[in-house]
Each structure stands twice: as C-alpha cells, then as structure tokens.
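Q: Protein chains in written order, with the working numbering: chain A, 1 to 797; chain C, 1 to 364. Just so it is clear, CB atoms sit at the ideal spot from N, CA and C, and this is done for glycine as well. No experiment lies behind these values; they were computed from the predicted model shown. Questions regarding the structure given below will be posed in turn.
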Amino acid sequence: MSGRGRLALCAALATLAASCALLPLVDPATWLLQAALLTAVQTGVGAATRRVPLARPLTVLAQAVVSLLLLTFVFAREYAPAGFLPSPASFGHFGTLFEQGVQDVSRYAIPAPLTDGIRLMLVGGVLAIGLLVDTVAVTYRSAAPAGLPLLALYSVAAGLSQGGARWLWFLCAAGGYLLLLLAEGRERLSQWGRLFTDRSRPGAAPHQPGSVGGPAMAPVRTGRRIGVLALGISLVVPAALPSLSGGLLDDMGTGGGGGGNKGGGTVSAVNPVVALKDSLNQPQNRTALVYTADGDDKDLYLRIVALDKFDGAQWKPSERRIGEIPDPLPTPRGLGPDVRTRTVSVTVQASDAYAQDWLPMPYPASRVQVGGKWRFEPEGRTLVGYDKQTTRGLRYSVDSLQVQPTAEQLRNAPAPPPGLKREYTEVPRSLPAVVPKTARKVTRGAKDDYDRAVLLQDWFASKGGFSYDTEVAAGTGVNAIADFLKQKEGFCVHFSFAMASMARTLGIPARVAVGFTPGTARGDGKMEVGFQDAHAWPELYFEGVGWTRFEPTPTRGSTPPYAQPDSPDADQNPSEALPDRNQDDEPSAGPSPSQSCSAQQKQADPECGMAAPAPGSGSSAEGPPVGTIAALGGSGLAVLGLLSLPMLLRMRRRSRRLRARGSTSGSPEAVLVAWQELIDTGWDYGILPEDSATPRTAAERLTRIGQLGPEEAEATQRVALAVEQVLYAPVPRAAPGTADEVRRIRAGLRAAAPRTVRIRALLLPPSTARLVWSARRRGRALRVRWARALTRPRLAK
Amino acid sequence: MTTYDERANLSELSATAGEVRRCVESVIEGKPEVVRLSLTVLLAEGHLLIEDVPGVGKTMLAKALAKAVDCSVRRIQFTPDLLPSDITGVSVYDQQRKDFEFKPGAVFAQIVIGDEINRASPKTQSALLESMEERQVTIDGQTYQLPDPFMVVATQNPVEMEGTYPLPEAQRDRFMARVSIGYPSPAAELEMLDVHGGASPLDDLQPVAHAHEVAKLIETVRGVHVSDAVRRYAVELVAATRSHAELRLGASPRATLHLLRASKASAALAGREFALPDDVQSLAVPVLAHRLLPTAQAQLNRRTAEQVVTEILGRVPVPAIGPGPAAPGTAPGAPAAPGPYAQPQPPGQQPPPGLPHTGQPRGY
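Okay, structure coming up:
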C-alpha cells in the first residue's frame with residue numbers, strides 16, 4: 001500500500017475510533033456499522049481522486065458531494081430523484097429528520113433509542129468529521145491539526161456520556177489519533193528514501209529487500225513505544241493527582257474515590273433549570289418523590305435550589321461556598337423571633353427515576369437527616385450532592401419551619417441589610433426598559449414593598465390578563481421578559497422570572513426558587529410528587545421574616561396566606577392555615593391528576609397539569625439546545641480562545657500595567673511599568689524597541705515612526721521625562737497620570753497606523769514575545785538548577 | 001533633593017554659559033554643536049583638541065572661546081623648532097639676586113591655545129603632558145601650580161603629513177574631546193562673508209564671563225548627580241571598546257572619567273541637575289573616538305574609530321526599563337526599587353538566537 005493510502009486508511013480509522021466514544025449514548029450500536037461503511041466509501045473516493053490527481057479543493061469537493069449523495073441515499077431515498085440525487089424535497093426531509101433528532105435527544109435519557117433523527121445526526125456528524133480529518137491529514141498532509149476535529153468529536157461524546165467505561169473510549173480515540181500521526185510520520189520518513197530495520201538489535205532479522213511485513217522499523221517502533229507510554233501516562237497520572245478527581249479511571253474504582261472534594265469547594269454553576277429539563281419532558285407523569293408530613297400540611301413546596309443571579313437572559317444559581325451540614329441548620333436569614341413558625345417533619349422517598357444533585361426540601365429546613373455525600377450551601381439553604389451523589393432512590397427526612405408571618409409584619413418590615421439588598425436587587429443593564437416601567441405602573445399607589453409585591457403577584461395571577469400556557473413560544477435572550485409581558489402567555493418560569501426581575505427593579509430583594517409544588521395526595525395519606533409538578537416561584541426578602549414565597553403563576557400552586565391581604569382572614573387569624581386559591585376544588589383525598597389544577601381550570605385549559613412545564617425553556621427550549629451543538633460550539637470556542645490567547649494575554653498585561661491603584665498610581669514603579677507598556681504598545685504598532693535607545697530617543701522614535709500628532713508627541717515627551725526623573729534623578733520623583741498619557745498615546749498610535757498593523761496589534765501583538773522569552777528564561781534557569789542538583793551528588797562521589 | 005542653592009546655581013550656569021555661547025557663536029557661524037561641545041569641555045575641566053582641515057576656523061574657535069571668558073590667555077604656535085622650555089618655562093640666573101629665577105612659560109595661563117600642535121616635535125609636545133593632567137609644571141625639582149581654571153585648546157591638521165608629528169597616545173588621551181568643525185553650510189558661509197568681510201569680529205568680542213565665574217560654574221558641574229545606572233552605562237561603553245574586534249587599543253579608564261565629567265557638564269548646560277544616558281551618548285564619539293586605535297584590518301576596511309563608537313552605542317543597552325528582552329522578567333507589580341530595571345545586560349548580550357523578530361520597523 002502506498003504511504004498516502006495508508007495515511008487515508010489511518011485517517012478513517014481514527015475518525016471511527018473517536019466516534020466509538022459515542023457508542024454508549026445510543027442503544028443499539030448498529031449506526032456505527034453504517035457510519036463505517038459510508039466513511040470507507042468517502043475515504044475511497046478521496047484516495048481515488050488523489051490518485052488522478054485532482055487539485056486539492058476539487059478532491060475535497062468530490063468527497064463532500066459523494067458524502068451528500070450517500071446520506072441522501074441512506075436517509076432520504078424516497079424523496080430523492082433516482083434514489084440518491086439531492087433535491088429540495090430531500091433537503092427538506094433532512095431538516096425534518098434533524099429537527100426530530102434534536103427533539104429526541106432532548107426527550108430521551110441516555111442511552112437513547114436509535115431513532116432516524118438521531119441516526120442522521122450521528123452518521124452525518126461522523127461523516128463530516130471524517131471528511132475534515134481526511135482533508136487536513138491526507139489531502140493537505142498535516143496530521144497533527146487533524147486532532148482538533150477528532151478531539152471535538154470525542155469531547156462531545158465524553159461530555160454527554162455519564163460513567164461507563166470512559167477510559168476505554170479515550171484509549172480508542174487517542175489510539176486512533178496516534179495511529180494517524182504514526183502513519184504520517186512514516187510516510188514523511190519514507191520520502192527520504194528506503195527505511196532500514198534496526199540491525200543493532202541482537203537477533204533482528206536482516207532486512208530483506210522488498211519485504212513488506214518485516215520487523216518494525218526502528219523509528220516506527222520507538223514511536224509506538226512513545227505513544228503507548230503517553231497513553232498510559234494520560235490514563236494513570238490523573239488518578240494520582242487529587243485535583244483531577246480520579247480522571248478517566250475513576251469509574252474503575254482505582255481513582256481513590258475523588259477524595260479531594262471533601263473539604264468544601266464551591267457549587268458549580270450548573271443550571272438546574274436546564275438539568276431538570278431532560279427528565280421533565282416525559283410523556284406521562286412519572287413519580288419523582290413520595291413524602292409524608294406529620295401535620296396535615298398541604299402547602300409544602302419542595303424547594304431544590306434558589307436562582308439568585310440574573311444576567312438579563314436567565315436566572316442562575318451563583319457559585320457559593322459549601323460546607324458540612326450543621327445540625328441543626330442555622331436560623332434562616334432575616335427570620336425574626338416574633339414571627340410565628342411551626343416545625344413540620346417530612347419524610348421523603350425519592351424514586352429511582354429521579355436523579356437530582358440538589359435535595360428537594362421544604363423551605364426553610366432546620367434539620368436534615370440524609371445519607372450519602374451532601375453538603376450544605378448556607379446562603380440558598382440548599383443541600384448539594386457531590387461526587388455523583390444524587391437523589392436516586394434516596395430516603396431522607398427533613399424538619400422544616402413553616403413560617404407564618406402576618407401581612408402586618410411584612411408590611412412593617414424594616415429595610416433589608418445593604419449588602420443583601422445590593423446583591424439581590426442587581427439587574428443587568430441590558431434589561432429592557434419596559435420591565436421597570438411596567439413594574440412601576442403596576443405598583444403605582446403602593447405604600448410599601450409588601451404592597452408592591454402583592455400587587456405584582458396579583459397582576460400576574462389574575463388582574464393582568466395573563467394566561468398559563470406551556471406551548472408558548474416566548475423569545476429568548478434579554479428580551480424574553482419583555483416579550484412575555486407583551487404576549488401575556490407563559491408558564492411558571494416566565495411568571496417567576498418576570499416577577500423576580502420586576503421586584504428587583506423596584507428595590508425588593510428577589511430570587512427565583514426551583515422545586516416542586518406540593519403534589520397529589522395518595523390514598524395512603526402520602527403525597528406523591530410527579531415530574532410535572534416541577535415549578536418555579538419567586539422569593540422576596542423581607543427583613544424580620546426572611547425569604548418569602550409568592551405565587552404569580554395563575555392556575556399553579558397556591559398563594560400563601562400572607563400574600564393575600566384582601567382576604568379577611570389573612571390578618572385577623574394568621575395562626576390558621578388559610579385556604580389557598582385552589583383548595584376549595586381540591587379533593588381532600590384520593591388520587592388526582594394534579595393538585596395544582598382546579599376543576600374549572602382544567603376545563604378551561606386541558607393542557608394544565610398535563611403538559612410538563614419546562615423550566616428554563618423561556619431561554620433555551622425553542623432552539624436546538626442539544627448537547628452536541630453545545631459541545632461543538634464549546635470546542636469551537638476553545639479553538640477561538642486558543643487563537644485569541646495572545647490578544648487576551650496582552651490585554652491582561654496592559655490592564656494590569658495601567659491600572660491606577662490608589663497607592664501606586666503616582667509611584668516610580670507605576671511610571672516605569674507605564675513606560676514599559678508604552679514601549680510594548682509601540683512594538684505592537686510596528687516600532688521595534690531598541691536596547692540602545694534612551695527614554696528620550698525612544699519617545700522621539702515613537703513620535704516619528706508612529707506619526708503621532710503634536711498632542712500625543714507632547715504626551716510621549718512628558719512620559720519620557722517622567723521616566724528619566726524616576727531612573728536617573730538623585731531622588732526619584734514620579735509624575736502622576738502617566739497611565740492616562742500612555743492610553744492617549746496608544747490611541748494616537750492606533751489612529752496613525754495602517755489597518756493591517758492595527759489588526760495585528762490587536763490579534764497578534766508582537767510584544768507577547770516577551771512572555772515567550774520570559775518563559776524560556778525561566779525554563780533555562782530551571783534546567784540549570786536541575787543539572788546542578790543532579791551533578792552534585794555525582795561529584796561528591 | 002535639589003536644594004534651592006543648587007537650582008539657583010544651575011540657572012546661573014545656564015545664563016552664563018548661554019552668554020558665552022552666543023558670544024562664540026557670533027564668530028563661528030552655523031556650528032552650534034561645536035561651540036556647545038567646547039563649552040562642555042571647558043566646564044568639565046577638560047582639554048579640547050580641534051582637528052580639521054585648514055581654514056575652517058579652528059584657531060578662530062579657540063581664540064573666540066578664550067576671548068569670551070575674561071581670563072589670562074596665552075597662545076603657543078607649535079613649530080618644529082619649538083623647545084619644551086618655551087612651553088613650561090625656564091630658570092634663568094638672576095645676577096642681582098645671585099639665584100635662579102623661574103620664568104614661567106606659555107603654559108602658565110588659564111586658557112592655552114596650542115596652534116598646530118602636531119607640528120612640534122614629540123619632545124616638545126610631551127612638555128604638555130604633566131601640565132595637562134596634573135595642572136602643574138615641575139622644573140628643576142620645583143613644582144609650580146597652574147592657575148584655575150586651566151584649559152588647553154589645541155588645533156591640529158590631519159591632512160598635512162609632511163613635517164608633522166602625530167600626537168602620541170598619551171598626549172591624545174589627555175584631551176577630553178576631539179572636535180571637528182567641518183565645512184559651514186552655504187548659508188552660514190554666505191553670512192560669514194558678510195561678517196568677516198570687514199573688520200575681524202574677534203576684535204569686537206568682549207568678554208562676558210570672568211574666570212572666577214567659570215570656576216564657580218565648574219564647581220556647580222561637579223555637583224551634578226550621576227545615577228548608578230548612568231555610571232554603569234559609561235563603564236560598559238568604554239569596556240566595549242576594549243573588547244571590540246576592530247580596535248587595537250580601547251579607551252582608558254581616564255576616558256571613562258572624562259566621559260562622565262563631560263556628561264555632567266552637558267547635563268548642567270541643559271539645566272538639569274542629573275546626567276542622562278543621552279548625555280553619555282551624545283558625548284561618546286567626541287570623547288572616545290580620538291583615543292582608539294583601529295586595527296590594520298579595520299583601517300584597510302576604511303573603518304574609522306567614530307564608526308566603531310557609533311556601532312557600540314547602537315549595541316550596548318541603555319540602563320532603562322528594557323526595551324529589549326531583558327525586561328520581561330520584571331513583571332508588573334515588581335518591587336519598587338529601580339533595581340530590576342536599572343540592571344543592565346552584560347555587554348554584547350544579544351537576544352536569544354533564532355528568535356523571530358516579530359514586528360518590523362516601519363517608516364524608515
């Protein structure tokens with residue numbers, strides 16, 4: 001086989017090996033055979049066209065066309081003329097299939113069944129990666145960069161799969177890549193002439209002229225050894241490093257159980273709203289939790305997590321410190337002694353189908369008895385599982401306070417602490433102006449925060465003309481809330497996000513809680529909570545009471561008694577649990593489809609209770625939020641990040657140099673650092689720094705070569721004089737404001753430079769070479785030190 | 001910190017020096033840098049060697065400088081038959097006092113103009129050695145101090161080789177700086193025709209500064225601060241001449257001293273109370289070049305000492321925050337002392353070989 005043919009074969013093998021990592025994601029694995037077959041044809045076409053030979057772009061084009069024909073033949077035969085020619089209809093079918101695939105991916109848990117849509121995504125993806133690898137490695141003859149598409153493929157798979165023999169897939173993918181590198185190296189070597197066997201090895205067979213299957217050639221064998229060694233090291237070393245939590249071998253039980261997490265850490269900002277979604281889109285309402293409460297409480301919202309960070313498009317949980325679970329848990333923040341509370345004990349049994357790494361609990365819990373690896377996050381009062389701990393099949397009991405404030409207490413709440421208020425009333429500047437405007441309009445005439453909160457809640461729940469609709473297609477991104485306010489259709493996510501945002505604009509500390517509504521009473525006195533009871537609601541902070549639940553979503557959940565000031569009982573008889581909005585229609589016992597839907601509402605809205613609310617879909621469910629795309633985007637971003645590394649490093653350096661810290665802004669070192677920055681800036685704009693230039697000369701060069709205007713030239717002069725003062729004067733005197741001068745000169749240089757120079761200065765600033773130099777120098781110093789350390793004992797001997 | 005007195009001295013120095021300069025420039029047109037250099041040498045207590053082709057105003061410059069300062073001036077016309085005693089002086093027997101009496105020679109003046117110094121024999125030339133370096137004359141075991149300030153301004157003609165004796169190295173080393181006047185620009189020459197067409201402008205020249213004023217200025221120059229970095233830079237420059245492949249003889253330690261003193265004077269003339277690397281750079285060629293001996297190979301290649309010094313100037317890094325690769329180690333937020341920045345590279349160190357020179361200078 002010719003070297004190039006071998007290379008092509010290895011490229012195809014590498015692609016297939018990397019795509020093996022996708023195997024655990026989908027259940028039968030037959031798609032791989034199909035993908036292998038199509039990849040083989042694609043590679044064959046490539047090899048044939050290269051033999052002709054065609055121009056390189058033509059080769060790639062031919063491969064792409066054949067791949068398209070193959071895909072059409074396999075997936076859209078009946079829509080294509082002659083069974084394989086692409087037509088608008090066949091493309092339409094592809095689109096439909098792809099959409100289906102996207103939906104299937106989000107619908108099914110892993111491993112997913114092999115639907116046509118998923119099959120198209122897999123096979124098409126593998127073919128595309130194969131084409132890319134073949135193009136880069138074989139047609140354009142540089143195998144090393146072909147690792148990037150392979151890496152993208154592998155990372156998608158590795159990111160999506162959970163557990164299993166991940167190390168095996170890693171071995172497959174890395175082995176494939178190494179094979180490709182080996183083949184390329186071999187081909188390159190062979191271009192220098194005949195390859196010789198290693199004669200120095202005793203017992204090696206002498207080289208037979210023309211023998212193909214002879215002993216491995218020495219460089220090739222060395223290469224293989226290095227490859228195997230590298231693979232071994234990459235598998236074993238992460239297991240030994242505590243910070244990498246066991247690495248790929250973790251699942252084999254050799255990783256030491258990821259002991260590094262025990263002491264605390266931060267909650268990762270995985271958005272539970274998105275995480276929930278996969279399990280929520282279930283056609284039938286599966287049971288998530290069953291719980292018994294010791295009282296006859298019907299109002300036990302089980303809270304999972306609080307989303308307290310609002311970036312304009314979405315609410316997210318922020319990263320916070322977590323620690324051991326104290327017993328009992330600390331008093332809830334802001335809860336005063338004169339507010340009536342009652343302790344409720346709840347025992348919860350999570351079903352096997354429900355795997356969530358936050359623990360659903362009534363808020364605020366005061367004592368938790370739970371087995372497994374859980375940590376307590378005090379700010380949101382949530383329990384977080386670490387080291388793959390989830391609620392799957394878990395049984396735990398929680399004592400929690402039922403806080404029963406009176407409307408009067410809420411009304412007379414003092415101002416919240418400034419720190420909390422600052423954190424929880426922050427809204428991004430991108431928030432459309434209509435949100436605060438509407439909030440003010442709705443709450444006009446209110447005397448205090450409590451009135452405003454209730455007005456907001458009632459506006460959403462009844463007076464504002466909003467309707468509950470799970471099929472709504474509200475916009476995404478920063479305009480989602482504004483769109484929702486206009487369309488007045490949405491579900492709990494929209495209502496809670498909108499109300500919390502509006503409360504924040506009114507200066508009321510607010511966050512969004514995610515969890516479950518109380519669920520449905522079963523015959524045996526237990527409450528059953530289904531996946532469709534997932535819910536989101538706003539929590540507003542009132543000093544003296546703490547975080548207080550409100551219920552803006554119409555037809556879902558129940559409005560807490562303190563949030564109904566109109567109700568005659570609310571103020572006068574606070575000790576009695578007030579009937580909530582839906583209680584009259586609620587069957588007291590016996591199964592019901594969903595406790596949160598009243599009879600009338602069901603008539604009005606048959607979807608209610610049946611359609612799963614998809615929290616977070618306000619921002620992500622409309623598009624194809626598939627992991628594949630996310631991962632592909634992620635790897636693309638990674639490549640982009642790598643390319644923009646010089647720019648980022650330079651920007652970081654500049655901002656650090658020119659940052660005027662209060663104490664050092666006028667200090668000698670600030671002047672020197674600013675000067676260094678000026679020299680580097682000049683370098684970026686094509687004025688090569690000269691060792692032998694004095695500050696004046698350097699300034700003069702900057703002015704002359706950089707074609708600075710008179711103002712900037714003067715500034716340059718001033719900076720040079722300041723540097724002289726610092727470096728050579730008897731007593732260094734620093735002039736303040738050097739950093740600003742440097743910024744002005746930079747602007748001048750920028751304005752005078754041609755566009756290419758400007759772009760280079762931005763993207764690939766030459767002065768980043770300094771970083772390389774310093775790294776090299778450091779490396780050299782290290783080598784010298786090592787060499788010294790190594791030779792010393794020998795000398796002593 | 002500069003005291004008020006020092007500041008006042010500096011401004012006084014600038015004023016006086018400015019007047020002297022204007023005065024000299026009224027005679028020597030279109031050569032401000034030459035005039036400035038001669039003033040620098042005067043304030044740095046050095047001696048000046050003016051070397052150029054005949055007729056460009058060497059003697060005129062020397063005389064103008066001497067005349068601008070109100071002090072004793074003697075002129076020695078160096079001729080082949082000049083004797084050392086004509087310069088230093090001679091002891092003659094006084095019949096009346098029955099004792100030897102010392103008759104001071106031409107060197108006993110505050111400014112000594114040695115015209116065509118290379119026409120005298122080396123024996124005569126060397127009579128100046130002691131007086132130039134030590135500012136004294138020893139005759140018959142008796143040492144006579146020379147007045148203060150003392151400056152020798154010598155001229156020589158590099159073209160005429162017939163009947164001349166090139167200055168010995170020791171003599172050349174004693175001159176702080178060598179300056180070439182060069183031909184004037186056409187405009188300056190035209191103006192010169194106007195001025196010199198009538199009476200000699202030298203005759204109208206009135207002294208603008210007194211000798212004791214000059215002595216005070218010299219005192220001020222001595223007080224100019226030279227930072228460690230600049231000192232080290234001067235030493236490196238001089239050291240680089242000693243190891244240069246094209247030089248048979250590098251500059252002496254005295255050259256370093258002269259370079260530094262001249263830099264101080266240059267800084268003071270600019271009204272600064274501290275010297276800069278710029279001062280060192282601008283003076284390196286006049287101060288160093290005449291002391292250097294190029295190798296035979298370099299002479300064959302038509303390399304002059306001036307070119308070598310210029311090349312060294314372009315190579316030795318200035319003790320600033322390194323525009324070169326020396327600096328990146330000094331990360332932002334490094335200790336406050338200028339130490340890491342003032343730390344110069346060892347002479348001759350180049351950026352690591354093989355480094356891509358990103359960024360091309362443009363505009364050249």
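(1) Would you verify that the beta carbon of residue 279 of chain C is, or is not, closer than 7 Å to some beta carbon of chain A?
(2) Which residue marks the beginning of the beta strand (DSSP E) containing residue 91 of chain C, and which one marks its end?
(3) How about residue 120 of chain A and residue 91 of chain A: are their beta carbons less than 7 Å apart?
(4) DSSP three-state label for residue 233 of chain C, please.
(5) Quick one: which chain A residues come within Cβ less than 7 Å of residue 53 of chain C?
(6) Could you check whether residue 134 of chain A and residue 40 of chain A sit closer than 7 Å to each other, using their CB atoms as the reference points?
(7) Below 8 Å on the Cβ atoms is my contact criterion, and I expect residue 439 of chain A with residue 506 of chain A to pass it. Report the Cβ-Cβ distance as a whole number of Å.
(8) Within 8 Å, do at least three Cβ pairs link the stretch 122–131 of chain C to the stretch 15–29 of chain C?
(9) Comparing C-alpha positions only, which one of A:711, A:674, A:635, A:775 sits nearest to residue 152 of chain A?
(10) Check distances from the C-beta atoms of the stretch 210–233 of chain C to those of chain A and list, in chain order, the residues that come in under 7 Å.
(11) Let me know if residue 113 of chain C comes out buried or exposed under the rule of 16 or more other beta-carbons within 10 Å of its beta-carbon.
(12) Following the continuous beta strand (DSSP E) through residue 295 of chain C, name the residue where it begins and the one where it ends.
(13) Hey, is residue 318 of chain C's beta-carbon within less than 7 Å of any beta-carbon in chain A?
(14) What separation, rounded to the nearest whole angstrom, lies between the Cα atoms of residue 640 of chain A and residue 144 of chain A?
(15) Taking only beta-carbon positions, decide if residue 696 of chain A is within less than 7 Å of chain C.
(16) In chain C, which residues lie less than 7 Å from residue 724 of chain A when you measure between Cβ atoms?
(17) Does the count of Cβ pairs from the stretch 297–315 of chain C and the stretch 255–262 of chain C closer than 8 Å reach three?
(18) Restricting to Cα atoms, I'd like to know which of C:213, C:308, C:267 is closest to residue 238 of chain C.
(19) Counting only the same chain and skipping the five closest in sequence on each side, list residues whose C-beta sits under 7 Å from that of residue 361 of chain C.
(20) Helix, strand or coil for residue 302 of chain A, going by three-state DSSP, please let me know.
(21) If you draw a straight line from the C-alpha of residue 303 of chain A to the C-alpha of residue 444 of chain A, how long is it?
(22) Residue range of the alpha helix (DSSP H) that residue 145 of chain C falls in?
(23) Using the beta-carbon count (16 or more within 10 Å), is residue 14 of chain A buried or exposed?
(24) Looking at C-alpha atoms only, which residue of C:273, C:144, C:135, C:246 is the closest neighbour of residue 151 of chain C?
(25) Label residue 93 of chain C either buried or exposed according to how many other C-beta atoms from any shown protein chain fall within 10 Å of its C-beta, with 16 as the threshold for buried.
(26) Using a C-beta cutoff of 7 Å, does residue 729 of chain A count as contacting chain E?
(27) If you draw a straight line from the alpha carbon of residue 750 of chain A to that of residue 492 of chain A, how long is it in whole angstroms?
(28) Per DSSP, residue 154 of chain C forms a beta bridge with which residues?
(29) Among C:46, C:268, C:179, C:55, which residue has its Cα nearest to the Cα of residue 226 of chain C?
(30) So what does DSSP say about residue 527 of chain A, is it helix, strand or coil?
(31) CA-CA distance, residue 759 of chain A and residue 32 of chain A?
(32) Per DSSP, residue 69 of chain C is paired with what?
(33) Quick check on the burial criterion: 16 or more other C-beta atoms within 10 angstroms. Buried or exposed for residue 233 of chain A?
(34) For residue 527 of chain A, count neighbouring Cβ atoms within 10 angstroms of its own Cβ and tell me buried if that reaches 16, exposed if not.
(35) Once DSSP output is grouped into helix, strand and coil, what is the label at residue 73 of chain A?
(36) What residues in its chain sit with their C-beta under 8 Å from that of residue 432 of chain A, if we drop five residues either side in the sequence?
A: Quick look at the numbers:
(1) One-based indexing of the second sequence puts residue 279 of chain C at position 279. So, not an interface residue.
(2) Residue 91 of chain C sits at position 91 when you count from the first residue of the second sequence. Its beta strand (DSSP E) spans residues 89–94.
(3) Locating residue 120 of chain A in the first sequence gives position 120, counting from the first residue. Locating residue 91 of chain A in the first sequence gives position 91, counting from the first residue. Not in contact: residue 120 of chain A and residue 91 of chain A (Cβ atoms no closer than 7 Å).
(4) Residue mapping note: residue 233 of chain C aligns to position 233 of the second sequence, counting from 1. It is helical.
(5) Counted from its first residue, the second sequence places residue 53 of chain C at position 53. Ordered by position in chain A, no residue passes the 7 Å Cβ test against residue 53 of chain C, which lies about 31 Å from the chain.
(6) As a first step, residue 40 of chain A is located in the first sequence; it is residue number 40 there, counting from the start. As a first step, residue 134 of chain A is located in the first sequence; it is residue number 134 there, counting from the start. Cβ atoms of residue 40 of chain A and residue 134 of chain A: not closer than 7 Å.
(7) On the first sequence, position 439 is the one that residue 439 of chain A refers to. On the first sequence, position 506 is the one that residue 506 of chain A refers to. That pair is a contact at about 5 Å.
(8) no
(9) Sequence index remark: in the first sequence, residue 152 of chain A carries index 152 (1-based). When only C-alpha atoms are compared, the closest one is A:635.
(10) 225, 227, 229, 230
(11) In the second sequence, counting from the first residue as 1, residue 113 of chain C sits at position 113. Counting the other Cβ atoms within 10 Å of the Cβ of residue 113 of chain C gives 16 or more, which makes it buried.
(12) Locating residue 295 of chain C in the second sequence gives position 295, counting from the first residue. Run containing residue 295 of chain C: none; DSSP gives neither H nor E here.
(13) Position 318 of the second sequence holds residue 318 of chain C. Chain A contact via Cβ: present.
(14) Walking along the first sequence from the start, residue 640 of chain A turns up at place 640. Walking along the first sequence from the start, residue 144 of chain A turns up at place 144. Cα-Cα distance, rounded: 18 Å.
(15) Indexing the first sequence from 1 puts residue 696 of chain A at position 696. With 7 Å as the cut-off, residue 696 of chain A counts as an interface residue toward chain C.
(16) Position 724 of the first sequence, counted from the first residue, corresponds to residue 724 of chain A. Within chain C, the residues 276 have their CB atoms less than 7 Å from the CB of residue 724 of chain A, given in chain order.
(17) no
(18) For this step, residue 238 of chain C is matched to residue 238 along the second sequence. Looking at the Cα atoms, C:308 is the closest of the given residues.
(19) Counting from one through the second sequence, the residue named residue 361 of chain C turns up at place 361. The pLDDT assigned to residue 361 of chain C is 39, lower than 50, so where the model puts this residue is not dependable, and the model offers no usable value.
(20) Here residue 302 of chain A corresponds to residue number 302 of the first sequence, with the count starting at 1. In this structure, residue 302 of chain A counts as strand in the three-state DSSP scheme.
(21) Mapped onto the first sequence, residue 303 of chain A falls at position 303. Mapped onto the first sequence, residue 444 of chain A falls at position 444. For residue 303 of chain A and residue 444 of chain A, the distance between alpha carbons rounds to 32 Å.
(22) As a working mapping, residue 145 of chain C is identified with position 145 in the second sequence. It is not in any alpha helix (DSSP H) - residue 145 of chain C instead sits in the beta strand (DSSP E) that spans 142–145.
(23) As a first step, residue 14 of chain A is located in the first sequence; it is residue number 14 there, counting from the start. Answer is buried; the Cβ neighbour count reaches 16.
(24) The residue given as residue 151 of chain C occupies position 151 in the second sequence. The residue with the shortest Cα to Cα distance from residue 151 of chain C is C:135.
(25) The count along the second sequence starts at 1 and reaches residue 93 of chain C at position 93. Counting Cβ neighbours within 10 Å, residue 93 of chain C comes out exposed, since fewer than 16 surround it.
(26) Looking for chain E here will not work: the only protein chains present are A and C.
(27) Reading the first sequence from its first residue, position 750 is the one you call residue 750 of chain A. Reading the first sequence from its first residue, position 492 is the one you call residue 492 of chain A. Roughly 51 Å separates the two Cα atoms.
(28) Position 154 of the second sequence holds residue 154 of chain C. Note: residue 154 of chain C sits in a beta bridge opposite C:49, C:114.
(29) In the second sequence, counting from the first residue as 1, residue 226 of chain C sits at position 226. Nearest of C:46, C:268, C:179, C:55 to residue 226 of chain C, Cα basis: C:268.
(30) Numbered from 1 along the first sequence, position 527 holds the residue referred to as residue 527 of chain A. Residue 527 of chain A falls in the strand class under three-state DSSP.
(31) Working through the first sequence from its first residue, we reach residue 759 of chain A at position 759. Working through the first sequence from its first residue, we reach residue 32 of chain A at position 32. Cα-Cα distance, rounded: 45 Å.
(32) Along the second sequence, read from residue 1 onward, the residue named residue 69 of chain C stands at position 69. Its beta-bridge partners are C:209.
(33) The residue labelled residue 233 of chain A in the question sits at position 233 within the first sequence. Exposed: under 16 other Cβ atoms inside 10 Å.
(34) Mapped onto the first sequence, residue 527 of chain A falls at position 527. Around the C-beta of residue 527 of chain A, 16 or more other C-beta atoms lie within 10 Å, and the residue is accordingly described as buried.
(35) The residue labelled residue 73 of chain A in the question sits at position 73 within the first sequence. Looking at residue 73 of chain A - three-state DSSP - the assignment turns out to be helix.
(36) By 1-based counting over the first sequence, the position of residue 432 of chain A is 432. Contacts found: 478, 479, 481, 482.
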